[in-house]
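Visitor: The sequence shown begins at 1 in full-length UniProt numbering and counts up by one.
Even for Gly, the Cβ is constructed at its ideal location relative to N, Cα and C.
The structure's right below; bear with me while I get my questions together.
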Amino acid sequence: MKEMSDRIVRSLGIGRNLGWVSLDARGSTGGVLVMWDKRVLEGLEAEVGSFYISCRFRNCEEGFVWVFSGLYGPINGKERRELWEELAAVKGLWSDPWCIVGDFNVVRFLVETSNGRQMSTTMREFSGFIEEFEFVDPPLGGGTFTWSGGERGSLKARLDRFLFSGDWEERVSGAMQFLLPKPVFDHWPIMFDCGGMRTGKSPFRFENMWLRVEGFMDKFKEWWQSYSFRGEPSFVLAKKLQALKYDLKRWNKEALGNVTIRKDAALEKLDYWIV
């Protein structure tokens with residue numbers, strides 16, 4: 001859709017409590033629409049670039065200020081480098097914790113495409129952008145690819161992803177991304193579960209009690225053997241540990257109801273009664 005209207009946007013969701021910013025499509029590609037619930041987020045500022053929308057939000061409940069960018073990556077190499085430059089300018093404009101999502105139209109690693117043969121300059125530039133700004137690139141649950149095309153969907157690639165800064169991760173408890181069932185489009189939708197907001201930094205901790213849970217070691221072995229990364233041994237180890245951390249967080253939340261939070265709450269009660 002080339003031009004977005006208030007009537008069209010409001011037909012999608014939450015009526016008068018809906019805030020939105022759009023970037024019109026170029027023909028059949030390139031459109032971006034960012035929507036939010038005003039009862040949850042207060043829109044402070046917005047910047048619309050050639051390929052992205054960046055919004056600065058304040059969470060209504062706890063006042064946490066952060067930046068969200070939604071984008072549609074160009075296919076042309078020159079335009080893609082312009083996108084990296086524009087996003088760098090966003091970082092210069094706002095220093096708040098940052099989350100980026102979109103169809104980047106590029107993969108990072110050979111394992112993220114079904115016909116990958118060798119690393120390209122485009123892939124290296126994408127990884128360079130992520131590393132320069134120290135973004136967290138979380139694993140994708142539920143599958144490997146987010147797009148399929150070609151004859152009978154024979155080509156597959158991970159073109160879509162969430163990225164976020166380290167200080168954004170520190171404020172969000174158990175953030176995870178998962179593939180949803182594919183509709184009629186050529187992209188799988190991704191659900192991003194932010195968990196809950198934290199008031200302070202809470203680093204990841206391995207809980208010894210997990211080792212006593214029946215079936216945990218089998219699950220641990222299954223996770224570790226399922227990870228597939230290519231590169232130097234140190235890089236592969238780092239990526240597998242990162243993927244393991246997210247699987248452990250998800251398992252802890254789903255199977256045990258986030259035992260870390262419950263344990264901390266119990267310790268607080270214990271401290272209260274100890275005089």
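Excluding sequence positions up to five away, which residues of its chain have a Cβ less than 6 angstroms from the Cβ of G49?
Guide: Working through the sequence shown from its first residue, we reach residue 49 at position 49. Closer than 6 angstroms at Cβ, skipping near neighbours: E86.
Visitor: With DSSP collapsed to three states, give me the class of E45.
Guide: Counting from 1 along the sequence shown, the entry for residue 45 is found at position 45. Note: E45 maps to strand in three-state DSSP.
Visitor: Might you give, ordered along the chain, the residues of its own chain that have their beta carbon closer than 6 angstroms to the beta carbon of D247, omitting 5 neighbours on each side?
Guide: Locating residue 247 in the sequence shown gives position 247, where the first residue counts as 1. Excluding its 5 nearest sequence neighbours in each direction, D247 has C-beta neighbours in its own chain below 6 angstroms: W223, listed in chain order.
Visitor: Write down every uninterrupted run of the beta strand (DSSP E) in the segment 60-109 whose length is 3 residues or greater and which is fully enclosed by it, in chain order.
Guide: 65-72, 98-103
Visitor: Could you pull the start and end residues of the beta strand (DSSP E) that G149 belongs to?
Guide: Here residue 149 corresponds to residue number 149 of the sequence shown, with the count starting at 1. Looking at the DSSP string, the run of the beta strand (DSSP E) that includes G149 is 147-149.
Visitor: Please report the residue range of the alpha helix (DSSP H) in which W20 lies.
Guide: In the sequence shown, the residue the question calls residue 20 occupies position 20. Per DSSP, W20 belongs to no alpha helix (DSSP H); it is in the beta strand (DSSP E), 18-23.
Visitor: Taking buried to mean at least 16 other C-beta atoms within 10 Å of its own C-beta, is S11 buried or exposed?
Guide: Numbered from its first residue, the sequence shown carries residue 11 at position 11. Result: exposed.
Visitor: So, with DSSP's three-state summary, where would you put T144?
Guide: For this step, residue 144 is matched to residue 144 along the sequence shown. Reduced to three states, the DSSP call for T144 is coil.
Visitor: Here's the rule: buried if 16 or more other CB atoms are within 10 angstroms of the residue's CB, otherwise exposed. What is T113?
Guide: The residue labelled residue 113 in the question sits at position 113 within the sequence shown. Label assigned to T113: buried.
Visitor: Quick one: what's I53 bridged to in DSSP?
Guide: As a first step, residue 53 must be located in the sequence shown, where it is residue number 53. According to DSSP, which records beta bridges pairwise, I53 is partnered with V48, G70.
Visitor: Note the first and the last residue of the continuous beta strand (DSSP E) segment covering G156.
Guide: For this step, residue 156 is matched to residue 156 along the sequence shown. Rather than Gly, the amino acid found at residue 156 in this sequence is Lys. Note, K156: beta strand (DSSP E), 155-157.
Visitor: Can you tell me whether DSSP reads Q225 as helix, strand or coil?
Guide: In the sequence shown, residue 225 corresponds to position 225, counting from 1. In this structure, Q225 counts as helix in the three-state DSSP scheme.
Visitor: F192: which of K219, G19, E169 sits nearest, CA to CA?
Guide: Here residue 192 refers to the residue found at position 192 when the sequence shown is read from its first residue. The shortest Cα separation from F192 among K219, G19, E169 belongs to E169.
Visitor: How should S22 be labelled, buried or exposed, when 16 other C-beta atoms within 10 angstroms of its C-beta is the threshold for buried?
Guide: Taking the first residue of the sequence shown as 1, we reach residue 22 at position 22. Label assigned to S22: buried.
Visitor: Going by CA-CA distance only, name the one from D37, T29, L33 that's closest to L18.
Guide: On the sequence shown, residue 18 is found 18 positions in, with the first residue counted as 1. With distances taken between Cα atoms, L18 lies closest to D37.
Visitor: From the DSSP output, in three-state form, read off F133 for me.
Guide: If you number the sequence shown from 1, residue 133 lands on position 133. Looking at F133 - three-state DSSP - the assignment turns out to be coil, as it is neither helix nor strand.
Visitor: Once DSSP output is grouped into helix, strand and coil, what is the label at F185?
Guide: On the sequence shown, position 185 is the one that residue 185 refers to. It is coil, neither helix nor strand.
Visitor: Less than 7 angstroms separating the beta-carbons of S54 and E47?
Guide: Locating residue 54 in the sequence shown gives position 54, where the first residue counts as 1. Locating residue 47 in the sequence shown gives position 47, where the first residue counts as 1. It is a contact, given that the beta carbons lie within the stated cut-off.
Visitor: Report the CB separation of K91 from F133 in whole angstroms; it is logged as a contact under 8 angstroms.
Guide: Here the question's residue 91 lines up with position 91 in the sequence shown. Here the question's residue 133 lines up with position 133 in the sequence shown. Confirmed, Cβ separation roughly 6 angstroms.
Visitor: With the cut-off set at 7 angstroms, would you say I75 and N115 are in Cβ contact?
Guide: To locate residue 75, count along the sequence shown from 1; it is residue 75. To locate residue 115, count along the sequence shown from 1; it is residue 115. No. Outside cutoff.
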